[in-house]
Amino acid sequence: MSHVPDGKSTRLLRILLLAAVPLSVAFGCHYPQALRTYEYVVTHERMSAAHEPLLSLVYVPRSVNLRDYRGIVIGEVGVGRHWVETPDAARQYAQLFRVLLRRELLEQNRFHFVSMDPDDPRIDAVPGKNDVLLFEGMITRLDEGSGVLRYLSFFLWFLQAGATDLQIEGRILEAESGRLVVEFVDRRRHLCNTPFGPNPKTIRDGYAMHVTAHLTAEALAEFIARGWNGLPVARADGSEDASPKGRS
């Protein structure tokens with residue numbers, strides 16, 4: 026016989042759920058609406074939010090099995106101009122993101138190789154076979170926030186102050202043909218506190234942004250893992266793109 030909660034139990038459950046909301050806000054990762062910077066992705070209207078919060082916006086023009094590709098090259102990650110608060114720091118985080126993404130993909134152990142070298146000889150190991158992917162992207166939004174405000178936000182959770190703000194836009198292409206496989210935009214903010222109290226480390230801007238970049242790399246790697254045995258079309262209207270091969 027199933028147990029039906031009484032009125033008191035239901036009210037208690039509601040109270041606990043309501044209490045959990047500010048607690049999660051005080052330390053967790055937040056997913057604000059992606060910015061339309063038009064510095065890298067310029068066709069936002071064709072993108073889908075179907076994979077949110079893993080990635081903010083995604084465009085997959087045709088269904089694809091990512092397991093059909095031997096390897097992936099992590100190419101350059103540039104830095105935008107208009108929404109980046111500290112360009113010098115952004116360049117360092119762009120390089121960090123490449124390293125973190127490579128690490129995540131290597132840990133998955135799915136591709137035969139994961140490289141950061143565009144001249145890696147393994148790319149052309151099988152002549153005429155278009156079976157290597159190329160990732161390239163750009164940091165179009167970077168704000169390191171305020172460490173002191175992040176720390177205090179655990180207590181003043183309603184302020185949502187001091188969080189990091191990172192947006193990365195990118196494409197995954199077939200390295201040889203240049204055909205677009207995936208285009209994405211991902212934006213996330215983080216306070217880097219813990220469920221049990223404020224995190225002293227979050228006062229350091231470098232720590233908080235490192236965590237945010239790591240979460241973005243994890244999300245992209247997880248997206249690739251989910252599409253390993255079949256990545257369906259993802260676009261605003263849901264239809265497949267019948268355009269010929271080549272960069273979209």
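In our numbering, the protein residues as written are 26 to 273. Cβ coordinates follow ideal geometry from the N, Cα and C atoms, glycine included.
With distances taken from CA atoms, which of the options is nearest residue i?
i, options, result
"L216", "I148, M234 and I193", "M234"
"R212", "A250, G203 and M163", "M163"
"R214", "V206, Q117 and A188", "A188"
"A238", "R260, A115 and F160", "A115"
"E129", "L256, E247, D262 and R260", "E247"
"W253", "E169, V89, A186 and V124", "V89"
"I97", "A74, V83, Q133 and P112", "Q133"
"Y56", "Y232, V207, D190 and P146", "D190"
"D168", "V83, L159, W108 and P146", "W108"
"T241", "F209, A259 and I148", "F209"
"V258", "A74, E70, Y84 and Q58", "Y84"
"V206", "P78, G231 and F160", "F160"
"G170", "R229, L256 and P143", "R229"
For residue i, which three-state DSSP category applies?
i, result
"T237", "helix"
"L79", "coil"
"G60", "The sequence shown places Leu at residue 60, rather than the Gly named in the question. DSSP places L60 in coil when its eight states are reduced to three."
"E129", "helix"
"E199", "strand"
"L121", "helix"
"V84", "Val is not the amino acid found at residue 84; the sequence shown has Tyr there. In the structure shown, Y84 sits in a strand (DSSP, three-state: E or B)."
"R213", "strand"
"A244", "helix"
"D145", "coil"
"R229", "coil"
"A250", "helix"
"A115", "helix"
Have a look at the DSSP bridge pairing and note the partners of residue i.
i, result
"M72", "Its beta-bridge partners do not exist; DSSP assigns none."
"G96", "F138 and V157"
"L205", "L198"
"A259", "V85"
"G162", "V102 and G195"
"L167", "V109 and L191"
Buried or exposed for residue i, please, with buried defined as at least 16 other CB atoms from any protein chain shown within 10 angstroms of its CB.
i, result
"Q192", "buried"
"S81", "buried"
"G100", "buried"
"P86", "buried"
"L131", "exposed"
"H137", "exposed"
"Y65", "buried"
"Y63", "exposed"
"R61", "exposed"
"T68", "exposed"
"R251", "exposed"
"E110", "exposed"
"R123", "buried"
"R92", "exposed"
"V236", "buried"
"V151", "exposed"
"G263", "exposed"
"R260", "buried"
Please decide whether residue i counts as near chain B, where near means a Cβ-Cβ distance under 9 Å.
i, result
"A119", "In the structure shown, chain B does not exist; there is a single protein chain."
TODO: Report yes or no: do the stretch 102–111 and the stretch 196–213 share at least 3 C-beta pairs separated by less than 8 Å?
DONE: no
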